[in-house]
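Structure, as structure tokens:
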Amino acid sequence: MDWREILEQLEAQLASLERQGVGYLNLAPDQALARQLSQASPVPAAATGTESRGRAAQLAARLKGGTAVVTGQPPPEPAPPPEEDLSRPPRVASGGAASLDELSAEYGACMACALAGGRNCLVFGAGHERSAIMFIGEGPGAEEDQQGLPFVGRAGALLTGMIQALGLTRDDVYITNVVKCRPPGNRNPQPEEIAACRPILQQQIELLDPKLIVTLGNVPLKVLRPNAAGITRERGRTFSYGNWQVLPTFHPSYLLRNQAAIQTCWLDFKLAFRLAYPQPGG
Ligand code: URA
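In this text, residue positions in the sequence shown follow this note's numbering: the first is 451, and each later residue adds one.
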């Protein structure tokens, strides 16, 4: 499936939900859109458990320049989502937490800034503890605040669709935001709110230790690279943040308003996939 088909399906799905008076997709419990998109994929799903890697491998082969030829011989696997390396001592973040769960519990009742008073849920982040890719958005919106999960509203539906189009699922990647509590009226987070949340984000990065961080929109870009030009100039160009490689791209909310930018963003997603899952010898 290419980006136009993804967009068409998303538009149809969103329009139909809007007609029914639904303002959001409840992706967390039923992954409805995700399922629909994966069923529509021309690449057959492999056995349970390796499904996303099988699709990832086939898509990776396609991204290397050829067309997808599905034969009896599976294409070589890309570097899989990293497994737990038991020979390595567990990472401990600069704040002392030894796991994302521990970190989440530590900050569950955080009152460090004014956003805390208005939240329904603190939206810590979600996904694979050992993901090679970490997506960072701005902050939770209304639906995220209700569900306690990042990117489950309209913008989340688009992000989920693009992740799926790479042959991955939301469970293969890690998704979080610069601030963990909803800014009122979906405004951008203020500098003091970003600063209050910064230790959480920093420790998430350290614990996850991803191969690639993908920043979505201007806010996370400027957090990791304060002197960066705007996202339009910076998107698609990697930079280093500490030990980590960062690829900025557009925020999905921007893509919903400027659909022509999806094609460019899709190039960034394909680059992200290649950087996070390098092919042996590729
Ligand atoms: N926008 C964001 O930046 N993050 C979310 O979780 C949802 C919308």
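Cβ coordinates follow ideal geometry from the N, Cα and C atoms, glycine included.
Treat the numbers as computed from the prediction; the structure is a model and nothing was measured.
task = Output the distance between the C-alpha atoms of residue 722 and residue 558, rounded to the nearest integer angstrom.
result = 31 Å
request  = Any chance you could list the residues with Cβ under 5 Å from a heavy atom of the ligand URA, keeping chain order?
outcome  = With 5 Å as the limit between CB and the heavy atoms of the ligand URA, the residues that fall short of it are 587, 588, 590, 591, 594, 600, 601, 605, 627.
inquiry  = Tell me which residues share the same chain as residue 681 and place their Cβ nearer than 7 Å to its Cβ, disregarding the 5 neighbours each side in the sequence.
reply    = Hits under 7 Å: 667, 668, 671, 698, 700.
query = Are the segment 627 to 636 and the segment 569 to 577 touching, with three or more C-beta to C-beta distances below 8 Å?
reply = yes
key: Inside the segment 646 to 693 only - beta strand (DSSP E) runs reaching at least 3 residues   = 662 to 666, 689 to 691
request  = Any chance you could list the beta strand (DSSP E) runs of at least 3 consecutive residues sitting entirely within the segment 624 to 648, in chain order?
outcome  = 624 to 627
query = If you draw a straight line from the alpha carbon of residue 545 to that of residue 649, how long is it in whole angstroms?
reply = 8 Å
ask   = How is the beta strand (DSSP E) around residue 587 delimited, first residue to last?
value = Element bounds for residue 587: 583 to 587.
key: residue 592 beta carbon less than 9 Å from that of residue 660   = no
query = Contact between the segment 593 to 607 and the segment 639 to 648: three or more CB pairs below 8 Å?
reply = The segment 593 to 607 is not in contact with the segment 639 to 648.
request  = Select from 724, 620, 610 the residue whose C-alpha is nearest the C-alpha of residue 579.
outcome  = 620
ask   = Do you know offhand how far residue 458's Cα is from residue 703's?
value = 16 Å
ask   = So, helix, strand or coil for residue 729, using DSSP?
value = coil
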